[in-house]
Amino acid sequence: MCLFSLTQPSPAHPRLLNGGADTAAPTRTLTTLSVSHHPLAAGAAAAAMLRLRRGVLAQVLSSLSASSVPPLHRLISAAAPAISPNPSFAVEEYLVSTCGLTRPQALKASAKLSHLKSPANPDVVLAFLADLGLSDADVAALVAKDPQILCASVERTLAPVVAGLSGLGLSRSDIARLASLSRSSFRYRSIVSKLQYYMPLFGSFENLLRALKRNFYLHSADLDDVVKPNVALLRECGLGACDIAKLCISKPWLLAANLERVQAMVECAENIGVPRASGMFRHALHAVAFLSEDKIAARVNYLKNTFRWTDAEVGMAVSKYPTVLNRTKEFLQRRSEFLISDLGLEPAYIAHRPLMLAYSLEGRLRPRYYVVTFLKENGLLDHGRDYYYAVKMTEKVFMKKFICPHKDAAPYLAEDYVAACRGELPPRFRFT
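Counting from 1, one number per residue, gives the positions in the sequence shown under full-length UniProt numbering.
Okay, here's the thing in C-alpha cells:
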C-alpha cells in the first residue's frame, strides 16, 4: 500500500484570489487517500488528482484578466503543489491515460520527454489548455504534434503568450484554435509579434487560419530575413494587399521560401506569357509556384496535344487562363472530347476562350449546350448565337435569358435543364 496526501490553499481565500501578500493563508488538507498498487486504482487516483488540479486552475484563471500575468505564479503553485520526482512515473502511460494519445503516438512522443520525472508540470499545462477551451481531442492532437508543450512553463511562457494574443483582439476561442494549429510555435512568445504582422497581411484572423491549415510552418519563418523580403518582391510585381492575401492563403509556402526561389517563380510566371503588371499575374504565379521548368514544359506539351493547339494558341490559352496548368489530365481530356469531338468546336475557338475549360462539364457545359441546341432546333433561338455567350453567364442570368422567356413555347424546358444538371439526359434533349 502507498499513501499520499495533497494539500491545497483554499481557492476561496480572498487574499489569495486578489493577489494579496498574505502568504499564511488558511489551508485545507484533503483526505489522505490510500491507494493500492493495482493499476486501475492508481489510474483512478491519478485522474482524480488531475481533475482537482484542473478545477482549481480553471477557477483561478477565470478570475484573471488577460493582462494580469504577474500574480500567476501564486495561482499556479496553488494548482500544482511541489511533487518530488517519482521514479515509477511512466511517461508513455501518462500520455495514453491522461493526454489521450494512442499507444503508437505515445511511444513516439515519449522519446522527447524522457527527462520528465513527475506529472506536476504536465498536469498544470493540461489544465491551462483545458481552461483555454481546447477539447480533449484538440489537446491530444497538440501533445502528439508537440510533446514538449507539456514541459512549457505556464507562468513564464503560455500565460504571457495568451495575454499577448488577447491584446491583439483575439478571443479565447480564437486562441484555442490557433494553439491547435501552431504546434511548437505556441511555446514561443515570438508568435505574438508574428501574428501582429500576419493578420493585416492576410486581411483577417480567419484568413490566417486558412493559411496555417495549409502550412503550419509559417509561424517558424523569420519575418525580417524571409517573409518581409518575399512580400516586398510580390508588391514589386504589382500585387496589391488583396492579391497577396489571396495568393498566400492558397500558397502560404511562398512566404516561407527563400527569396531566390520566389524570384525564380516570378520569372517562370513571366515566361508563360503573363507580364507582372497584368491582372492575371497572381493566377500565373499561383499556377507555376513550386513547379520545375520541366514539369511546366510537360504540361504545356500535353495541352498542345490534347486540344490540338499550335505554339501560339497554347501560349494564348495559358496567358489567359494560367490555372489550366494545374488541371489534371483526366479533367482536360474530358473537356477536349466534349468540346472538340462532340460539339465540333475549333481548337482556335477554345484557345481564344480558355476560361470555358474552368467550368463544370456536368453542371454547366453540357446542360447549357442542350438548352441552346434545343432552342435552335425549335426555332426559338438565332442559330448564330455564340455557345460561349451562354456558358459564361451566371446561373441567374442564364435562367433569365434562355429559360424564362420560353416558358410558354417550351413549358418543360426548365424541368429538363434541372435534370440535365443532375447528369440525366431528358428525351427532349436527345438530338439526332
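For glycine and all other residues, C-beta sits at the position ideal for the given N, C-alpha and C.
| query | result |
| --- | --- |
| C-alpha distance - Leu403 paired with Ile350, whole-angstrom precision | According to the sequence as given, residue 403 is Ile; it is not Leu. Answer to the nearest angstrom: the Cα atoms are 25 angstroms apart. |
| Residue from Val154, Phe89, Gly203 with nearest C-alpha to Arg187 | Val154 |
| Distance between beta carbons of Val274 and Phe281, contact taken as under 8 angstroms | 5 angstroms |
| Cys242 burial status per 10 Å Cβ neighbour count (16 or more: buried) | exposed |
| Pick from Glu92, Pro367, Ala410, Leu113 that is closest to Pro104, judged by C-alpha positions | Glu92 |
| Alpha-carbon to alpha-carbon, Val266 and Met399 | 41 angstroms |
| Asn230 beta carbon less than 7 angstroms from that of Leu255 | yes |
| Reduced DSSP category for residue 444 - H, G, I as helix; E, B as strand; rest coil | Because the chain in this structure spans residues 1 to 432, residue 444 falls outside the shown range and cannot be described. |
| Residues of its chain near Asp146, where Cβ-Cβ distance is below 6 angstroms and the 5 sequence neighbours each way are ignored | Arg183, Ser184 |
| Euclidean distance between Cα positions of Glu415 and Arg235 | 49 angstroms |
| Assigned exposure category for Pro427 - 16 Cβ within 10 Å defines buried | exposed |
| Pair within 7 angstroms by beta-carbon distance, Ser180 and Leu142 | yes |
| Assigned exposure category for Ala41 - 16 Cβ within 10 Å defines buried | Because Ala41 sits at a pLDDT of 44, beneath the cut-off of 50, its placement in the model cannot be relied upon, and the point is left open. |
| Own chain residues within Cβ distance below 6 angstroms of His406, not counting five before or after | Leu380, Leu413 |
| Alpha helix (DSSP H) segments (min. 4 residues) lying fully within the stretch 352 to 398 | 366 to 377, 387 to 391, 395 to 398 |
| Alpha-carbon to alpha-carbon, Ala284 and Val314 | 14 angstroms |
| Rounded separation between Val345 and Thr310 - CA only | At residue 345 the sequence reads Leu, which differs from the Val that was named. Approximately 15 angstroms, taken between the alpha carbons. |
| Buried or exposed by the 16-neighbour rule on C-beta atoms within 10 Å, applied to Lys396 | exposed |
| Of the listed residues Leu375, Ser220, His286, nearest to Asp408 (C-alpha basis) | Leu375 |
| Segment limits, alpha helix (DSSP H) that includes Trp309 | Per DSSP, Trp309 belongs to no alpha helix (DSSP H) and is neither H nor E. |
| Thr157 in three-state terms, based on DSSP | helix |
| C-beta atoms of Leu150 and Val125 nearer than 7 angstroms | yes |
| Buried or exposed (CB count within 10 angstroms, at least 16 for buried), Gly100 | buried |
| Neighbour-count burial assignment, Pro411, 16 or more Cβ in a 10 Å radius | exposed |
| Assigned secondary structure, Phe290 (DSSP; H/G/I helix, E/B strand, else coil) | coil |
| Same chain, Cβ closer than 8 angstroms to Ala245, neighbours up to 5 away in sequence not counted | Leu201, Phe202, Gly203, Asn207 |
| Whole-angstrom distance between Ser114 and Arg189, CA atom to CA atom | 25 angstroms |
| Own chain, CB closer than 8 angstroms to Ser360, minus 5 neighbours either side, in chain order | none |
| Continuous alpha helix (DSSP H) assignments of at least 4 residues falling wholly in the stretch 202 to 250 | 205 to 214, 228 to 236, 241 to 250 |
| CA-to-CA distance, Val161 to Leu233, given in whole angstroms | 31 angstroms |
| Coarse secondary structure for Ala410, derived from DSSP in three states | coil |
| Continuous alpha helix (DSSP H) stretch holding Cys151: start and end | Careful: Cys151 lies outside any alpha helix (DSSP H) and carries neither H nor E. |
| DSSP three-state assignment for Phe89, whether helix, strand or coil | coil |
| Chain-order list of residues whose beta-carbon lies under 7 angstroms from that of Gln263 (same chain, five-residue window excluded) | Leu233 |
| Nearest to Cys248 (by Cα), restricted to the options Arg210, Asn271, Val318, Ala269 | Arg210 |
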